[in-house]
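Read top to bottom, the protein sequences are chains A and B.
Last residue of the first sequence: 646 in full-length UniProt numbering, with the numbers rising by one and none dropped.
Last residue of the second sequence: 646 in full-length UniProt numbering, with the numbers rising by one and none dropped.
No residue lacks a Cβ here, since even glycine has one placed at the ideal position from N, Cα and C.
Remember, predicted model here, so these are calculated numbers, not experimental data.
There are 2 protein chains.
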Amino acid sequence: MVNETPHTCSATSSSKSDGGSSSGSESSKDSSRCSTPVLDADRHERLREKMRRRQDSGDKWFSLEFFPPRTANAAVNLISRFDRMGAGGPLFIDVTWHPAGDPGSDKETSSMIIANTAVNYCGLETILHMTCCNQTKDDITGHLQKAKRLGLKNIMALRGDPVGEEWEEEVDGFNHAVDLVKHIRNEFDDYFDICVAGYPKGHPEAESYEADLRHLKEKVFAGADFIITQLFFRSETFLKFMKDCQAIGITCPIIPGIFPIQGYHSLRQLVKLSKLEVPQEIKDVIEPIKDNDAAIRNYGVELAVSMCRELLDSGMVHGLHFYTLNREVATTEVLKRLGIWKEDPRRPLPWAVSAHPKRRVEDVRPIFWASRPKSYIYRTQEWDDFPNGRWGNSSSPAFGELKDYYLFYLKSKSPREELLKMWGEELTGEESVFEVFTCYITGEPNKNGYKVTCMPWNDDPLATETNLLKEQLEKVNRRGILTINSQPNINGKPSTDPVVGWGPSGGYVFQKAYLEFFTSSEIVTALLKVLKKYELRVNYHIVNVKGQNITNAPDLQPNAVTWGIFPGREIIQPTVVDPVSFLSWKDEAFALWIEQWAKLYEEESPSRMIIQYIHDNYYLVNLVDNDFPLENCLWQVVDDTFELLN
Amino acid sequence: MVNETPHTCSATSSSKSDGGSSSGSESSKDSSRCSTPVLDADRHERLREKMRRRQDSGDKWFSLEFFPPRTANAAVNLISRFDRMGAGGPLFIDVTWHPAGDPGSDKETSSMIIANTAVNYCGLETILHMTCCNQTKDDITGHLQKAKRLGLKNIMALRGDPVGEEWEEEVDGFNHAVDLVKHIRNEFDDYFDICVAGYPKGHPEAESYEADLRHLKEKVFAGADFIITQLFFRSETFLKFMKDCQAIGITCPIIPGIFPIQGYHSLRQLVKLSKLEVPQEIKDVIEPIKDNDAAIRNYGVELAVSMCRELLDSGMVHGLHFYTLNREVATTEVLKRLGIWKEDPRRPLPWAVSAHPKRRVEDVRPIFWASRPKSYIYRTQEWDDFPNGRWGNSSSPAFGELKDYYLFYLKSKSPREELLKMWGEELTGEESVFEVFTCYITGEPNKNGYKVTCMPWNDDPLATETNLLKEQLEKVNRRGILTINSQPNINGKPSTDPVVGWGPSGGYVFQKAYLEFFTSSEIVTALLKVLKKYELRVNYHIVNVKGQNITNAPDLQPNAVTWGIFPGREIIQPTVVDPVSFLSWKDEAFALWIEQWAKLYEEESPSRMIIQYIHDNYYLVNLVDNDFPLENCLWQVVDDTFELLN
């Protein structure tokens with residue numbers, strides 16, 4: 001955008017006003033919206049267009065393949081992996097389809113739900129695999145409809161492995177991937193981007209390599225948008241395949257599938273399934289070290305890096321697809337060594353944008369869910385639209401109920417035993433709770449020697465930005481101001497700032513200081529006296545579990561606490577303190593004391609009763625310092641409160 | 001708001017979200033909107049509520065009465081007077097009803113249209129008088145419906161003077177003001193606030209003072225909200241009347257009508273019409289000086305000030321109503337001496353807010369019409385709603401056509417002869433046009449010794465804010481960069497700043513530097529070369545009369561150039577550079593060359609041809625410096641351009 005050349009356009013009529021933006025009708029519809037400026041072209045582009053744009057700009061990319069895990073716990077871990085590997089900037093991820101595992105169901109481990117999570121909760125462009133053999137047309141249509149409903153926009157159309165040895169083609173059935181491609185185009189027109197599989201050595205069941213190429217061409221001509229290949233071991237294999245494809249008129253993108261060898265057994269397994277032959281020179285290296293996992297992985301990384309370099313250097317390859325086997329280390333290492341792992345500290349917005357088409361226009365959220373973005377998306381998933389980047393003209397719609405809590409991705413990543421070590425096998429009083437909060441802030445081990453790396457309100461260690469406030473946070477947590485969310489004030493830092501920056505470059509970001517905490521009613525009483533002095537400089541909302549609510553906000557309007565100013569844009573204000581949502585958040589915040597902490601202990605046990613007491617009697621407080629250009633006064637407010645109590 | 005005490009409210013249910021704001025359903029509907037925070041309680045309050053609030057807070061107020069003028073030119077002047085006297089902060093103005101002058105028509109001098117202009121173009125709370133005798137029910141309903149449609153919300157219900165000497169009551173007709181009050185309440189429920197007239201000395205036609213008080217009580221009990229009295233000459237008259245009203249159970253506000261004596265003849269005229277007797281002590285002073293207008297006015301001011309002081313000191317009077325006779329000086333003088341003229345440099349928004357209920361939510365406008373706000377309101381009056389404070393989710397609606405131009409309030413205030421003196425009886429070339437622009441900026445007389453106090457694009461002398469840029473503006477206008485709109489950059493000045501501040505106190509306001517001008521194609525060519533260096537720091541739109549449009553804006557999104565951050569509020573961004581509206585503005589801006597300037601000269605005359613040449617060949621340019629925290633680079637851009645040309 002920086003080097004954009006001026007373009008000349010002739011205005012047809014002054015009263016004509018339907019935009020004319022280049023990215024189609026949906027984008028021009030948005031062009032005059034007030035509060036939802038389009039931050040990033042990516043948010044509006046189809047996958048095939050993104051691919052084309054990256055190819056045109058010469059910007060190499062990668063993608064990552066995952067399979068659905070078997071257990072709910074493994075799913076929680078996989079999703080953390082999506083978040084971490086998503087940080088490297090894959091163009092997309094894809095999720096395989098396991099016909100035996102009820103892949104279209106609502107189970108937390110189904111292909112459908114894992115892909116849904118990737119799109120909607122992790123904000124990743126996602127391809128859902130789908131196989132067609134041995135399935136009815138209605139089943140397949142049902143799966144596709146569900147995928148569309150969930151916001152999935154890309155399908156990898158596969159035949160799948162036939163069940164039984166003696167498979168026979170069904171008349172009018174789905175016998176080949178091309179039937180699925182045709183079906184998708186017939187029933188869903190151009191809605192989905194469709195990917196198909198290519199076999200650099202020919203499909204093992206094909207009559208010949210040439211016959212297989214002809215099958216591939218059929219799939220493309222039936223409506224596939226691009227091809228991802230089966231794995232291969234030599235770059236020449238792929239490059240020859242690509243030239244052969246082009247020779248018979250296949251012009252769509254062909255993406256090489258890369259398999260970094262990560263272990264002896266996984267290699268054998270994969271080779272067996274794919275009926276590929278491992279080249280002798282690789283076997284010669286691996287066999288002698290087959291029991292040394294680290295050695296094999298190092299070799300696998302070396303091999304993948306050099307093969308990928310050859311592919312990229314050929315000038316014919318623009319993107320690389322990685323078969324991760326749900327593992328992180330080898331693929332990340334390869335990507336970093338190739339220089340295409342792009343961990344960009346800059347974010348389009350201060351929070352992760354959902355990739356669901358319906359939520360594209362979302363550009364403002366309440367600050368309360370800052371550490372629980374998946375919970376926020378889950379609880380607002382029923383909202384029909386986000387006309388102001390949030391909610392409609394009338395009133396904010398209802399948040400999803402707290403029963404939805406039990407959903408796997410709202411659980412803590414850590415098992416009970418670990419949580420007990422962090423948060424205390426036995427609590428002796430409110431002070432032992434204060435200590436847990438303090439250890440989480442400082443990063444120091446607790447009295448039993450364990451580090452507290454998560455809290456019920458925050459599944460991850462302290463954010464870099466919060467580190468700026470560490471010293472003060474430690475002090476106040478020790479004394480029973482149990483902080484769960486905070487941000488410093490920022491008065492116009494560049495949008496490229498590595499810690500607090502977000503949005504396009506050339507902009508400036510701002511914040512009002514924010515502090516949110518649980519505390520006792522004694523402290524609240526003193527705090528209220530102190531807050532009087534600060535008048536409207538500090539806005540506060542104070543509420544207990546019963547909903548008794550004390551505030552000096554003159555009405556129910558939201559207070560913008562994060563905003564950004566950009567070249568050629570309207571103001572973007574992605575984070576607000578919204579009094580109405582605060583009451584929904586309050587229910588969630590108090591429930592976390594019980595659901596995640598109290599329930600670690602036996603009923604009627606003293607530890608459980610301590611947490612229950614806090615839940616029943618403490619207040620949840622949020623404070624905003626409106627005077628963002630001055631020094632944050634919230635610490636002074638807290639100091640004054642402690643002083644008043646002494 | 002600063003001393004607002006905390007209020008406790010019990011949250012009933014977290015999923016309930018319909019606000020709970022105190023000012024009724026319309027207000028709570030707005031409470032969760034994203035981009036249209038309510039700046040000012042006034043914008044949502046009914047007149048009677050404003051009155052009550054001012055009474056409760058002990059904040060004295062005033063209101064002003066005007067009558068519709070006879071000619072269109074007088075109407076243009078009256079509207080300028082509305083703007084100037086509106087600056088003093090009247091609680092409302094009212095416009096009298098002249099049955100003989102077709103008061104409900106669309107004529108530019110009708111009561112209806114003058115009141116419409118006051119509400120919608122001057123942003124003043126307005127009461128429209130309406131009389132009922134000798135009119136049919138249908139006529140009256142028609143007038144009321146029209147008033148409602150135009151956004152008028154307050155009616156002064158009067159009987160009016162019967163036609164002819166021998167007036168007889170009509171059966172089932174409108175014989176008394178009380179009939180009109182009842183009719184309004186029957187047909188329009190509680191939509192209008194209704195005012196009725198009170199007679200401190202009794203109505204001249206009433207049987208007795210007591211009988212007249214009973215009539216007044218009837219009017220109030222039929223649904224009137226408050227009373228404005230006929231003029232009187234002694235404070236005791238009013239205070240006795242008020243006590244008598246209260247004694248018989250009239251509890252609504254009673255506002256004394258104040259008539260500052262401004263001249264001998266107008267006093268006689270008024271006294272004759274109202275059948276009042278002028279006290280001897282006043283006659284004794286006036287008769288000897290009856291030919292000395294200044295002396296009479298000074299005496300009138302003295303008299304009014306001392307009577308108003310007595311009224312206010314009584315503790316019974318909270319507001320004063322002034323019969324201005326469409327004059328400015330005496331009333332303004334009285335108000336200033338009483339200390340209730342409140343010229344508040346602070347504005348709720350940087351532009352005058354229209355008081356039309358439909359436009360309440362409007363909080364953003366294109367910068368182009370900054371000096372022509374009435375034109376902007378006129379050209380957008382057909383827009384159905386302002387869901388984002390401007391326009392809907394789809395695309396900006398069409399601006400009204402330029403033929404509407406000829407409407408009286410879009411004309412220049414100055415007569416042709418004056419314009420010729422300012423802009424030149426005879427132009428000798430483009431340079432003489434440059435000189436006119438330069439003189440307007442500097443305030444120095446032109447070569448014929450006349451000051452240039454207005455331009456086709458700006459009916460008023462240079463704004464205080466623009467004065468900040470005077471030196472640079474002078475330099476560039478001399479060289480053919482003919483500026484018509486500009487603002488300096490502002491990086492977080494207090495919202496109470498007397499020059500650039502707006503909005504509630506405790507906030508901070510910001511601006512991006514802006515410069516808009518006409519210039520030749522030679523300068524544009526050089527400018528474009530220079531602008532390349534500035535990349536996205538400077539956004540530009542350059543267009544000629546044919547609509548050839550050159551821009552570096554990446555899409556059709558608006559660029560916010562004025563915004564404010566306030567305690568407990570979302571960001572407010574009232575002014576934008578909007579590429580779509582720029583093309584509508586362009587038509588208007590180019591048309592002004594011809595309509596206001598070229599047409600001053602004979603057809604085919606050299607002067608006219610010079611303006612026509614500029615109209616046909618110059619470009620309209622706007623520049624925004626996005627880097628608001630740095631020093632404004634737009635002057636550097638212009639300097640570089642001139643240097644390149646040398």
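- Query: Closest to P253 of chain A by CA distance: which of A:T453, A:K336, A:A197, A:D161 is it?
  - Reply: The option with the nearest alpha carbon to P253 of chain A is A:A197.
Note to self: If distances are taken between C-alpha atoms only, which option among B:G89, B:W585, B:K470, B:E125 comes closest to Y378 of chain B?
What the structure shows: The candidate whose alpha carbon is nearest that of Y378 of chain B is B:W585.
*What does a CB cutoff of less than 6 Å around K493 of chain B pick up in its chain, not counting 5 residues either side in sequence?*
Within its own chain, the residues whose Cβ lies closer than 6 Å to the Cβ of K493 of chain B, once the five positions on either side in sequence are excluded, are V500, V509, listed in chain order.
Original post:
So, using beta-carbon positions, are S80 of chain B and K451 of chain B closer together than 8 Å?
Top reply: Cβ atoms of S80 of chain B and K451 of chain B: not closer than 8 Å.
Would Y376 of chain B pass as an interface residue toward chain A - the criterion being a Cβ-Cβ separation below 8 Å? Y376 of chain B is outside the set of residues whose beta carbon lies under 8 Å from a beta carbon in chain A.
Looking at the structure shown, is Y264 of chain B part of a helix, part of a strand, or coil, going by DSSP?
-> In the structure shown, Y264 of chain B sits in a helix (DSSP, three-state: H, G or I).
If the cut is a Cβ gap below 9 Å, which residues of chain B does I282 of chain A touch? Listed along chain B, no residue sits closer than 9 Å to I282 of chain A by beta-carbon distance, the nearest being about 49 Å off.
Outcome for H265 of chain B when other beta-carbon atoms lying within 10 angstroms are tallied against a minimum of 16: It is exposed - the Cβ of H265 of chain B has fewer than 16 other Cβ atoms within 10 Å.
Thinking C-alpha only, which one of B:N552, B:C245, B:E516 is nearest V638 of chain B? The shortest Cα separation from V638 of chain B among B:N552, B:C245, B:E516 belongs to B:E516.
CB of Q636 of chain A to nearest heavy atom of the ligand SAH: below 7 Å?
-> For the ligand SAH, the structure offers nothing, since it holds no ligand at all.
Just the C-alpha distance for E595 of chain A and N489 of chain A, rounded to the nearest angstrom, thanks. Whole-angstrom Cα-Cα distance: 32 Å.
Is there a Cβ from chain B that is less than 8 Å from the Cβ of Y508 of chain A?
Yes, Y508 of chain A lies at the interface with chain B (some Cβ there is under 8 Å from its Cβ).
Nearest-angstrom Cα separation, counted from D459 of chain A out to V580 of chain A
For V580 of chain A and D459 of chain A, the gap between their C-alpha atoms comes out near 25 Å.
So who's on the other strand from Y323 of chain B, going by DSSP bridges? Secondary-structure assignment with DSSP links Y323 of chain B through a beta bridge to B:E65.
Next on the checklist: Less than 8 Å between the beta carbons of L419 of chain A and L600 of chain A, yes or no?
Outcome noted: Contact flag set, yes.
Q) Just how far apart, CA to CA, sit L349 of chain B and I572 of chain B? A) Cα to Cα, the separation comes out at about 9 Å.
Practice problem: Check each residue of the region 507 to 539 of chain B: if its Cβ is closer than 9 Å to any Cβ of chain A, include it; give the result in chain order. | Solution: The region 507 to 539 of chain B vs chain A, Cβ under 9 Å: G507, Y508, F510, K512, L528, L531, K532, E535, L536, R537, V538, N539.
**OP:** Closer than 9 Å by beta-carbon distance: list the chain B residues that pair up with E362 of chain A, in chain order.
**Re:** Chain B residues near E362 of chain A: none, gap ~11 Å exceeds 9 Å.
- Message: Taking 6 Å as the limit between beta carbons, can you name the residues of its chain near F437 of chain B, skipping five residues before and five after?
- Response: Closer than 6 Å at Cβ, skipping near neighbours: N477, L482.
Suppose you measure from the CA of A118 of chain B to the CA of S111 of chain B; what does that come to, to the nearest Å?
Roughly 11 Å separates the two Cα atoms.
Exercise. For N563 of chain B, go through chain A and note every residue whose CB falls closer than 8 Å to its CB, in chain order.
Key: Checking the displayed sequence, the identity of residue 563 of chain B turns out to be Trp instead of Asn. The contacting residues are I565, I571.
### Query
Looking at C-alpha atoms only, which residue of A:S495, A:E603, A:L630, A:L556 is the closest neighbour of N626 of chain B?
Comparing Cα-Cα distances from N626 of chain B to each of A:S495, A:E603, A:L630, A:L556, the minimum goes to A:S495.
Q.
For the structure I just gave you, are there three or more beta carbon pairs, one from the region 178 to 197 of chain B and one from the region 135 to 148 of chain B, closer than 8 Å?
A. Touching, yes, given that three or more Cβ pairs across the two stretches are closer than 8 Å.
* Asked: When we look at the beta-carbon of L630 of chain B and count the other beta-carbons within 10 Å, is it buried (16 or more) or exposed?
  -> So L630 of chain B counts as exposed.
When burial is assigned at 16 or more other CB atoms within 10 Å of the CB, is N646 of chain B buried or exposed?
Its Cβ having fewer than 16 others within 10 Å, N646 of chain B is exposed.
Exercise. Compare the C-beta of Q135 of chain B against all C-beta atoms of chain A and say whether one is closer than 8 Å.
Key: No, no contact with chain A.
Same chain, Cβ closer than 8 Å to L556 of chain A, five either side skipped, listed in chain order:
Here the set comprises P579, V580.
Under 8 Å by beta carbon: chain B residues contacting P288 of chain A:
Going along chain B, no residue has its Cβ under 8 Å from P288 of chain A, so there is no contact; the nearest lies around 57 Å.
Proximal residues of chain B, C-beta to C-beta of residue 654 of chain A below 7 Å: There is simply no residue 654 of chain A to check, as chain A begins at 1 and stops at 646 in what is shown.
Worksheet item: Would you report the Cα separation of I282 of chain A and V305 of chain A, rounded to the nearest angstrom?
Response: When rounded, the separation of the alpha-carbon atoms in I282 of chain A and V305 of chain A is 15 Å.
Beta-carbon contacts of K290 of chain B that lie in its chain and below 6 Å, excluding the five residues immediately before and after: Within the same chain, K290 of chain B has close Cβ partners Y264.
To which residues of the same chain is Q472 of chain B closer than 7 Å at the C-beta, ignoring the five residues directly before and after it? If the five residues before and after Q472 of chain B are omitted, its C-beta is found closer than 7 Å to the C-beta atoms of W635, all from its own chain and listed in chain order.
Problem set entry | DSSP-derived helix/strand/coil call for H129 of chain B | H129 of chain B carries a strand assignment under DSSP once its states are collapsed to helix, strand and coil.
Discussion item. Let me confirm a value: A136 of chain A is counted as buried when at least 16 other C-beta atoms fall within 10 Å, else exposed. Which label applies?
Written reply: Strictly speaking, residue 136 of chain A in this sequence is Thr, with Ala absent from that position. With fewer than 16 other Cβ atoms from the protein chains shown falling within 10 Å of its own Cβ, T136 of chain A counts as exposed.
Q) DSSP on M316 of chain A, reduced to helix/strand/coil? A) Assignment of M316 of chain A by DSSP, reduced to helix, strand and coil, places it in the coil class.
- [ ] Would you mind stating whether G507 of chain B and P567 of chain B have Cβ atoms separated by less than 8 Å?
- [x] Yes; because the gap between Cβ atoms is below 8 Å, this pair is in contact.
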